[in-house]
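A quick write-up on the structure given underneath.
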Amino acid sequence: MIQNKEFLSKTLNIVEIFYSIQGEGTRAGLPCVFIRLAGCNLDCKWCDTLYAKKISDGQNISFEEIIKTIKSYKCNFIEFTGGEPLLQQNSIDLINYLTNQNFTIAIETNGSISVSNLNNKIIKIIDVKCPDSNMSKHNLFDNFNYITENDEIKFVISSKNDFEWSHNIIQQYKLLNKTKNILFSAVDTLFSHKELAELILSTNSLYRQQIQIHKVIWDRNARGV
Ligand code: SF4
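The numbering of the sequence shown is our numbering, which starts it at 1 and goes up by one.
Here it is as C-alpha cells:
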C-alpha cells in the first residue's frame, strides 16, 4: 500500500523504539518490536516507566521514520506501549496502517481510555488498575464490552487486598467468559511471586501468573530491552 505524503508526515511523540524479547503476556518469549510512546494520564504508585510519563520525555518522529525503523528489524510482531499509547490521536492511524500491512499488532493500554475504536485484529492488553496503585478510580470498565478472546486483561498486584479486589472484578464482569487470558503480575518489590501464586491457586481459577522475563534476562532497570 502506497501512502501519501500527508500520512507519512504525521508524527507520534516517542520515547524509544527497540527490538527485544516480549517479556509479558501470552506471547512472552517472542521477538517483538516495541514502540514506547511518551505521556501518561495516570500516576501509578509503583510505575516502572517513570521515564515515559511526560510528553516531554519523547520526541516527535514521523510515520515515515517509524515505519522505516520497524521494517529494519524484520520482525512481524509490534507492540505499542508507553506511557499511555492511546493518549496520542495519531496512534490509531499508524496502528491501522500496520495492521493492514500484515503486522501482528498488540497495544498495552492502562485501561482508562476507551478501546472502542480499535479493530478486532489488534491484540488489546488492558491493564486494570488495582486499589494499591491509587489509580483504580480511573478504570473504564466499559472497555470490557470490547474484549475478544484474542485480548488480554492484566492485573498488577501489590497486596492480598489487590488480589481479592481483582478476583471480585473478574467475577462481577464475567471476564473469563470473554477471554481466557487473565494475567496477574506481582510488583515484586512489594509483594512476592510466591504469595501471588498461593492466592491464585486458592481460587482454583484459570488465571495466568507471569513474571516479567525481560527483567530476568537483562538488568531490571535497563531501558531499550
Ligand atoms: S499507567 Fe503505566 S506509565 Fe502510566 S503511571 Fe501507570 S504504570 Fe506508569
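All C-beta atoms, glycine included, are put in the ideal place defined by N, C-alpha and C.
Span of the beta strand (DSSP E) around Lys194: Within the sequence shown, numbered from 1, the residue matching residue 194 stands at position 194. If you look at Lys194, you'll find it isn't in any beta strand (DSSP E); it sits in the alpha helix (DSSP H) that goes His193 to Thr203.
Between the CA atoms of Arg223 and Leu37 - distance to the nearest angstrom: As a working note, residue 37 is residue 37 in the sequence shown. As a working note, residue 223 is residue 223 in the sequence shown. Their Cα atoms are separated by approximately 14 angstroms.
Contact the segment 11-23 vs the segment 36-54: 3+ CB pairs below 8 angstroms: The way I'd put it, the segment 11-23 does touch the segment 36-54; three or more beta-carbon pairs between them come closer than 8 angstroms.
Inter-stretch contact at 8 angstroms, needing at least 3 Cβ pairs: the segment 106-117 / the segment 54-63: Taking one beta carbon from each stretch, the segment 106-117 and the segment 54-63 have fewer than 3 pairs nearer than 8 angstroms; the two do not touch.
Asn13 - partner residues in DSSP beta bridges: Here the question's residue 13 lines up with position 13 in the sequence shown. According to DSSP, Asn13 shares a beta bridge with Asn60.
Cα-Cα separation between Tyr73 and Val33, rounded to whole angstroms: Reading the sequence shown from its first residue, position 73 is the one you call residue 73. Reading the sequence shown from its first residue, position 33 is the one you call residue 33. Those two C-alpha atoms are separated by around 7 angstroms.
Own chain partners of Phe18 with C-beta closer than 6 angstroms, once the 5 adjacent residues on each side are dropped: Sequence index remark: in the sequence shown, residue 18 carries index 18 (1-based). Excluding residues within five positions, the ones whose Cβ falls inside 6 angstroms are Phe34 and Gly224.
Ligand 1 site residues, beta-carbon cut 5 angstroms against heavy atoms: This criterion selects Cys40, Leu42, Cys44, Cys47, Thr49 and Asn110.
Same chain, Cβ closer than 8 angstroms to Phe261, five either side skipped, listed in chain order: The shown model of the chain, from 1 to 225, leaves out residue 261, and the question about it has no answer.
Delimiting residues of the beta strand (DSSP E) encompassing Phe80: Taking the sequence shown and counting its residues from 1, one reaches residue 80 at position 80. Taken as a continuous stretch (DSSP letters only), the beta strand (DSSP E) holding Phe80 covers Phe77 to Thr81.
Helix, strand or coil at Phe7 [DSSP, three-state]: In the sequence shown, the residue the question calls residue 7 occupies position 7. The answer is helix: DSSP assigns Phe7 an H, G or I state.
Proximity of Asp162 and Cys130 at Cβ, strictly below 7 angstroms: Position 162 of the sequence shown, counted from the start, is the residue given in the question as residue 162. Position 130 of the sequence shown, counted from the start, is the residue given in the question as residue 130. Cβ atoms of Asp162 and Cys130: closer than 7 angstroms.
The segment 178-191 in contact with the segment 136-152 per 3-pair CB rule at 8 angstroms: Short answer: they touch.
Of the listed residues Asn143, Ser133 and Ile107, nearest to Lys121 (C-alpha basis): The residue given as residue 121 occupies position 121 in the sequence shown. By alpha-carbon distance to Lys121, the top candidate from Asn143, Ser133 and Ile107 is Ile107.
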